[in-house]
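> In full-length UniProt numbering, the protein residues as written are 1 to 223. No residue lacks a Cβ here, since even glycine has one placed at the ideal position from N, Cα and C. It should be emphasised that the depicted structure is a prediction, and the values quoted were computed from it without experimental measurement.
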Amino acid sequence: MLIAIIPAKDEAHNIKDVIIKTRKYVDFVLVIDDGSIDDTKTVAESAGAFVVRNEVNLGKADALKIGFRYAIEHNFDTIVLLDADGQHDPDELPKLLNKLNEGYDIVVGARKFLPQLMPPLRIFANSFSSFLVSVICGTKILDSQSGYRVLRAEVAKKIKFETKRYQLDTEMLIKAAKCGFKIAFVEINTIYTNRAKSKINQIIDPLKFLFVTLKLAFYRCKK
């Protein structure tokens, strides 16, 4: 059984199409409405998603943790993660699922770091972060910050996620690698929306990433 978890905040204008497309490939769509002040919840429900609403904004990491708990409690075996703003194309999901079926535990959609597709500062930040995470994981990480992922539920059961907001993407890869889970990447289209740009603090978020990543370098998986 496949569940798609979509964290969303103020995405009423985008989320309908994302849900409708995603439903073609999964059994259940769960939207975590993370303190939206628009009609995200109503639009998501009308498109066929089940919505869990946070009355205040808790951030992406906490929204995903809620989704992971729901998936585990309801015995889903495969979890799809994608954004609500349209930068992840649901029609590319079969590529990720096919790769997962080759025996991997996590499959990440890897974006192209090209100047015509992504701002130069983001290219540098993503390239550097992927290099650093690769060193810590001991395996090649092509895109450490991509939130478009498919994972087996066992990963969410095994790993205790402790980071906040966008750091969970990095935490997942490092802890999964250190716990022996197999990680793969498939190339996806790079859709860099204005909404995606506005979500990132160009100074604070990289500093938080660096702190969290260096801390995770000392993580040891509990058997």
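What would DSSP say about Thr139, mapped onto helix, strand or coil?
Reduced to three states, the DSSP call for Thr139 is coil.
> Measuring CB to CB, does Ile15 end up less than 7 angstroms from Ala4?
Against a cut-off of 7 angstroms, the Cβ pair of Ala4 and Ile15 comes out as no contact.
> Per DSSP, Thr40 forms a beta bridge with which residues?
According to DSSP, which records beta bridges pairwise, Thr40 is partnered with nothing at all.
> Between Asn57, Phe128 and Arg23, which has its C-alpha nearest Phe50's C-alpha?
Selected option, being the one with the closest Cα: Arg23.
> How big is the Cα-Cα spacing for Val108 and Ala47?
One C-alpha to the other measures close to 26 angstroms.
> So, using beta-carbon positions, are Arg149 and Ala61 closer together than 7 angstroms?
Against a cut-off of 7 angstroms, the Cβ pair of Ala61 and Arg149 comes out as no contact.
> What does the Cβ neighbour count give for Asp85, buried or exposed, with the cut at 16 atoms within 10 Å?
Classification for Asp85: buried.
> Locate the beta strand (DSSP E) running through Asn54, then write down its first and last residues.
Looking at the DSSP string, the run of the beta strand (DSSP E) that includes Asn54 is Phe50 to Asn54.
> Starting from the N-terminal side, write out each stretch of the beta strand (DSSP E) that is 3 residues or longer and does not extend beyond the UniProt domain "Glycosyltransferase 2-like" (5–113).
Listed in chain order, they are 28–34, 50–54, 78–81 and 106–110.
> Taking just the CA atoms, how far does Ala125 sit from Leu210?
Whole-angstrom Cα-Cα distance: 11 angstroms.
> Would you mind stating whether Ile19 and Val29 have Cβ atoms separated by less than 7 angstroms?
It is a contact, given that the beta carbons lie within the stated cut-off.
> Which whole-angstrom value is the C-beta distance of Ile183 and Tyr104, which I expect to be below 8 angstroms?
Going by Cβ atoms, the distance from Ile183 to Tyr104 rounds to 7 angstroms, so yes, they are a contact pair.
> Relative to the C-alpha of Arg220, which candidate in Asp27, Gln145, Ala63 and Cys137 has its C-alpha closest?
Cα-wise, what sits closest to Arg220 is Cys137.
> Which class does Phe131 belong to by DSSP, given the choice of helix, strand or coil?
Looking at Phe131 - three-state DSSP - the assignment turns out to be helix.
> Below 7 angstroms between beta carbons: does that hold for Asp27 and Leu64?
No. Outside cutoff.
> Assuming Glu187 is part of the beta strand (DSSP E), what are its boundary residues?
That run of the beta strand (DSSP E) goes Ile183 to Glu187.
> Between which two residues does the alpha helix (DSSP H) carrying Lys157 extend?
Counting along the chain, the alpha helix (DSSP H) containing Lys157 begins and ends at Ala153 to Lys158.
> Across the segment 148–162 and the segment 173–187, are there enough close Cβ pairs to call them in contact, namely three or more that are closer than 8 angstroms?
The segment 148–162, when compared against the segment 173–187, does touch it at the 8 angstroms Cβ threshold.
> If you reduce the DSSP assignment to three classes, tell me which class Arg149 lands in.
Three-state result, Arg149: strand.
> Report all residues from its chain with a CB closer than 8 angstroms to the CB of Leu216; omit the five preceding and five following residues, and keep chain order.
Only Ile136, Thr170, Glu171, Ile174 and Lys175 meet the Cβ criterion.
> Can you pull the DSSP bridge partners for Ile3?
Answer by DSSP bridge pairing, in chain order: Phe28 and Ile79.
> Quick check on Ile204: does DSSP put it in helix, strand or coil?
In this structure, Ile204 counts as helix in the three-state DSSP scheme.
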